[in-house]
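Protein chains in written order, with the working numbering: chain A, 84 to 199; chain B, 10 to 122. Cβ atoms here follow ideal geometry from the backbone N, Cα and C, with glycine treated the same way. Since the structure is predicted, the reported quantities are computational estimates derived from the model, not experimental observations. Read the structure below first, then the notes.
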Amino acid sequence: AAGVIQSPRHLIKEKRETATLKCYPIPRHDTVYWYQQGPGQDPQFLISFYEKMQSDKGSIPDRFSAQQFSDYHSELNMSSLELGDSALYFCASSSKKQGVVQETQYFGPGTRLLVL
Amino acid sequence: GNSVTQMEGPVTLSEEAFLTINCTYTATGYPSLFWYVQYPGEGLQLLLKATKADDKGSNKGFEATYRKETTSFHLEKGSVQVSDSAVYFCALSVRGSNYKLTFGKGTLLTVNP
Chain A
84 AAGVIQSPRH LIKEKRETAT LKCYPIPRHD TVYWYQQGPG QDPQFLISFY EKMQSDKGSI
144 PDRFSAQQFS DYHSELNMSS LELGDSALYF CASSSKKQGV VQETQYFGPG TRLLVL
Chain B
10 GNSVTQMEGP VTLSEEAFLT INCTYTATGY PSLFWYVQYP GEGLQLLLKA TKADDKGSNK
70 GFEATYRKET TSFHLEKGSV QVSDSAVYFC ALSVRGSNYK LTFGKGTLLT VNP
């Protein structure tokens, strides 16, 4: 079965640079979530999209922005990168069943970002 | 707000030992509860879930029961294997919070042969 695809899998950037992370949800999934997992930490919710509209926002810095496109893939744009942005970034997707958003999220493998 | 507290570990067991990882929660509304597993260097995999009180989730020999009276969702396995070595995260989501997941701190399990 198709899973959530994230690219790139690994990314190395310098401080103050910009990074773009991409997420391709499971086919027919219309809801996307982004999470950040620092070293040895639990994943923290950043932002979510439902039907291409932002549905919720967590502890996402103002330097970060995200959107969901017409094909339901999502991109997380990170500017003015800081050392503390080094983390594993997960995307997860979920679907609707009979018009109701389902609670189960399926995670991608993550993008490991290292800021030097 | 919503929060999850789980036994942080690390937990070290011998193969075929019994496993319990405690998880308790606080939530506004009626949460769904999950256990996710993260193998070294990999992403998060859904292990099991329960969406209402007294539901039991089970998968690959792991079980957890949604206990509303004690706000708990403890993970158990009768006989662990070396391949079960991973980090286990308890998590919840609430419909009123757009189903975003709130995770516990994770428990590192190491199973020795």
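How would you label residue i, buried or exposed, when you count the other beta carbons within 10 angstroms and need 16 or more for buried?
i	result
Ala-170 (chain A)	buried
Asp-93 (chain B)	buried
Ser-157 (chain A)	buried
Thr-197 (chain A)	In the sequence as displayed, the identity of residue 197 (chain A) is Leu instead of Thr. Answer is exposed; the Cβ neighbour count stays below 16.
Tyr-48 (chain B)	exposed
Ala-100 (chain B)	buried
Phe-128 (chain A)	buried
Ile-130 (chain A)	buried
Phe-27 (chain B)	exposed
When you compare each of the options to residue i by their alpha carbons, which one comes out closest?
i	options	result
His-93 (chain A)	A:Ala-85, A:Gly-86 and A:Ala-102	A:Ala-102
Ala-36 (chain B)	B:Val-91, B:Glu-25 and B:Thr-111	B:Thr-111
Leu-55 (chain B)	B:Glu-78, B:Asn-31 and B:Lys-69	B:Lys-69
Pro-110 (chain A)	A:Ser-177, A:Tyr-172, A:Leu-164 and A:Leu-129	A:Ser-177
Ile-143 (chain A)	A:Pro-91, A:Asp-154, A:Met-136 and A:Ser-162	A:Ser-162
Lys-105 (chain A)	A:Asn-160, A:Phe-147 and A:Gly-167	A:Asn-160
Leu-153 (chain B)	B:Glu-51, B:Gly-50 and B:Ser-67	Residue numbering for chain B in the displayed model covers 10 to 122; residue 153 (chain B) lies beyond these limits and cannot be assessed.
Gln-124 (chain A)	A:Gly-167, A:Ala-175, A:Lys-135 and A:Thr-187	A:Gly-167
Leu-22 (chain B)	B:Gly-105, B:Gln-90, B:Val-96 and B:Val-13	B:Gln-90
Tyr-34 (chain B)	B:Ser-81, B:Tyr-97 and B:Glu-85	B:Ser-81
Phe-43 (chain B)	B:Cys-32, B:Gly-52 and B:Lys-86	B:Cys-32
Lys-135 (chain A)	A:Ser-153, A:Ser-148 and A:Gly-141	A:Ser-153
Thr-29 (chain B)	B:Pro-19, B:Glu-85 and B:Thr-119	B:Glu-85
Indicate whether at least one CB of chain A lies closer than 8 Å to the CB of residue i.
i	result
Gly-52 (chain B)	yes
Thr-33 (chain B)	no
Thr-60 (chain B)	yes
Phe-98 (chain B)	yes
Tyr-48 (chain B)	no
Thr-88 (chain B)	The question names Thr, but residue 88 (chain B) is Ser in the sequence shown. Judged by the 8 Å Cβ criterion, Ser-88 (chain B) is not in contact with chain A.
Asn-107 (chain B)	yes
Ser-67 (chain B)	no
Lys-114 (chain B)	yes
Leu-55 (chain B)	yes
Tell me which same chain residues have a C-beta within less than 6 Å of the C-beta of residue i, skipping the five on either side of it?
i	result
Ser-88 (chain B)	Glu-25
Glu-97 (chain A)	Leu-199
To which residues of the same chain is residue i closer than 8 Å at the C-beta, ignoring the five residues directly before and after it?
i	result
Lys-179 (chain A)	Asp-113, Thr-114 and Gln-185
Val-103 (chain B)	Asn-11, Ala-36, Thr-37, Gly-38, Tyr-39, Pro-40 and Ser-41
Gly-113 (chain B)	Val-13, Thr-14, Gln-15, Cys-32, Phe-98, Cys-99 and Ala-100
Strictly under 8 Å for the Cβ-Cβ distance: is residue i near chain B by that measure?
i	result
Glu-186 (chain A)	yes
Pro-108 (chain A)	no
Tyr-172 (chain A)	no
Phe-132 (chain A)	no
Phe-128 (chain A)	yes
If contacts are defined as beta-carbon pairs under 8 Å, then residue i and residue j qualify, I think. What distance do you get, rounded to the angstrom?
i	j	result
Met-16 (chain B)	Thr-79 (chain B)	Contact flag wrong, Cβ pair sits at about 15 Å.
Leu-138 (chain A)	Asn-107 (chain B)	Strictly speaking, residue 138 (chain A) in this sequence is Ser, with Leu absent from that position. The Cβ separation is near 5 Å, so the contact holds.
Tyr-116 (chain A)	Ala-175 (chain A)	4 Å
Gly-86 (chain A)	Gly-191 (chain A)	7 Å
Glu-72 (chain B)	Lys-65 (chain B)	6 Å
Quick one: what's got a C-beta closer than 7 Å to residue i's C-beta in the same chain, skipping five residues either side?
i	result
Lys-109 (chain B)	Ser-102
Ile-88 (chain A)	Tyr-107 and Gly-191
Just checking residue i against the ligand SAH - is the residue's beta carbon closer than 7 Å to any of the ligand's heavy atoms?
i	result
Val-198 (chain A)	For the ligand SAH, the structure offers nothing, since it holds no ligand at all.
Against chain E, with Cβ distances strictly below 8 Å, would residue i count as a contact?
i	result
Ser-94 (chain B)	Looking at the structure shown, chain E is missing, and the protein chains on hand are A and B.
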